[in-house]
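Comments concern the structure below.
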Amino acid sequence: GTWSVFDDKADPDKGLMAISHSPYAEIRVVDKAGKRYLIIDGGVHTIIDPQSGKTHFPYVAVVDLARELFEQPGEMLLIGLGGGTVARNYARDGWQVDAVEIDPVVTGMAHQFFGLRKDECQVHEEDGRQFLLTTTRRFDVIVMDAFGSSSIPFHLVTREAFDLIRSRLKEGGVLVMNMESYGWHGPLVQVLAATLGVHFRQVWALPAYQPQDTLGNVILFAANRELNLDRQWQEMLPPPGYLQTLEYRRDFAWNNRFAPDTTGYRILTDDLNPVQIISEQINYEARKGLHRFFERKELTW
């Protein structure tokens, strides 16, 4: 059935624009200091300017880089819709976008509060791995954005899952995975890169933050081809304000890309996958930072 996006605990005057409990999660939309946040089970999934709809999440600009690996727009599959900013950016660049989002409340929030138009993205309301198993389509880019700080769907990050994803990529296709890590070289980055390396010849990690020993987003790019961008980087004297832009964060991530050292890291499998244990510190640090930022406990949990 359809789940209501609103319930009577919403308090727009205090910045709590919407709150809903779905069968899968607690979802909140919070406005604070001119930005709008989508918070799912205590993890921030989307940040936009509610007036312009533009993203304030640096990782989105890094995910957008994958478009530049192709000469023309193609087909993109997004696993985990969130507020829809990744889907919207690709769609407005001419890409055909499909998204898999298991939670219809999240989809409703994306349309109602985050500016995603229904004609920009075909949403499939089911589990990501189940969709990959049943579809016969192949995509130029598959973006995995289903990982909040509160949890990682373990069945999406195994050797078997990555083999399935590889089979749903076209020749020259690219897998992009957004994740949070405590440190650029944190154990989650290494173990996911090791598991990706079973099926993908090239695995890059692109850090979307600094300093490198703190918490932030790292985006993994995986492909069975060379990943090179033929682009003009900023001049030696960048324009005023460049260091405060998402373009800077995007360029920073690409210029600091690295192949993770996977020596000694176990491959995650359907039978043995301790990813929830590995991500426990990330969850703790992310929640601590979230509570510090929002201050008022009624806005988060």
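Residue numbering for the sequence shown follows my numbering, starting at 68 and increasing by one per position. Backbone N, C-alpha and C define an ideal beta-carbon position, used for all residues, glycine too. Every value quoted in this text rests on a predicted model; they were computed, and no experiment measured them.
Query                                                                                                                                                     : Result
What does the alpha-carbon distance come out to for the pair THR336 and LEU223?                                                                           : 10 angstroms
Using the beta-carbon count (16 or more within 10 Å), is HIS191 buried or exposed?                                                                        : buried
For the pair the stretch 112-130 and the stretch 140-152, tell me if three or more CB-CB distances fall below 8 angstroms.                                : yes
From the DSSP output, read off the bridge partner residues of TYR249.                                                                                     : LEU282
What does the alpha-carbon distance come out to for the pair GLN277 and ILE286?                                                                           : 14 angstroms
Between which residues of its own chain and GLN257 is the CB-CB distance below 6 angstroms, once the five residues before and five after are set aside?   : PRO327, THR329 and TYR332
Is the stretch 117-125 in contact with the stretch 194-201, if contact means three or more CB pairs nearer than 8 angstroms?                              : no
Hey, how far is the Cα of GLY264 from the Cα of ASP207?                                                                                                   : 19 angstroms
Would you tell me roughly how many angstroms separate the C-alpha atoms of ALA158 and GLU135, rounded to the nearest one?                                 : 14 angstroms
Is ILE349 helix, strand or coil when you go by DSSP?                                                                                                      : helix
Secondary structure at HIS222, three-state DSSP: helix, strand or coil?                                                                                   : helix
If we count the other Cβ atoms within 10 Å of its Cβ and call it buried at 16 or more, is PRO341 buried or exposed?                                       : exposed
Report the partner residues of SER87 according to the DSSP bridge assignment.                                                                             : ILE94
Run through the DSSP bridge pairs and tell me what TYR126 is partnered with.                                                                              : Paired residue(s): none; TYR126 is not in a bridge.
Sort out for me which residues DSSP pairs ARG374 with in a bridge.                                                                                        : Beyond the ends of the chain as shown, which are 68 and 368, falls residue 374; an answer cannot be given.
Could you work out which residue in LEU145, PHE229, ILE94 and ASP170 is closest to GLN189 when comparing CA atoms only?                                   : LEU145
Buried or exposed: where does TYR249 fall if 16 or more other Cβ atoms within 10 Å of its Cβ makes it buried?                                             : buried
According to DSSP, is TRP162 helix, strand or coil?                                                                                                       : coil
Per the contact definition of three or more C-beta pairs closer than 8 angstroms, is the stretch 234-242 in contact with the stretch 95-104?              : no
When we look at the beta-carbon of LEU83 and count the other beta-carbons within 10 Å, is it buried (16 or more) or exposed?                              : buried
What are the boundary residues of the alpha helix (DSSP H) that PHE180 is part of?                                                                        : 171-180
Return yes when the Cβ of ALA77 is within less than 7 angstroms of the Cβ of ILE86, no when it is not.                                                    : yes
From ASP98 to ARG268, what does the alpha carbon distance come to, in whole angstroms?                                                                    : 42 angstroms
I'd like the list of long-range same chain contacts for LEU231, defined as Cβ closer than 6 angstroms, with 5 residues on each side in sequence excluded. : LEU199
If you measure between the beta carbons of LEU273 and VAL129, is that distance less than 7 angstroms?                                                     : yes
When the distance is taken between beta carbons, is LEU259 closer than 7 angstroms to GLU352?                                                             : no
Is TRP162 near MET176, with beta carbons less than 7 angstroms apart?                                                                                     : no
Is it buried or exposed, ARG317, if we count other Cβ atoms within 10 angstroms and call 16 or more buried?                                               : buried
Given a cut-off of 7 angstroms on the beta-carbon distance, is the pair ARG205 and ARG233 in contact?                                                     : no
Would you kindly work out how many angstroms separate the C-alpha atoms of PRO220 and GLY308, rounded to a whole number?                                  : 38 angstroms
Where do the N-terminal and C-terminal ends of the beta strand (DSSP E) with ASP207 fall, by residue?                                                     : 206-211
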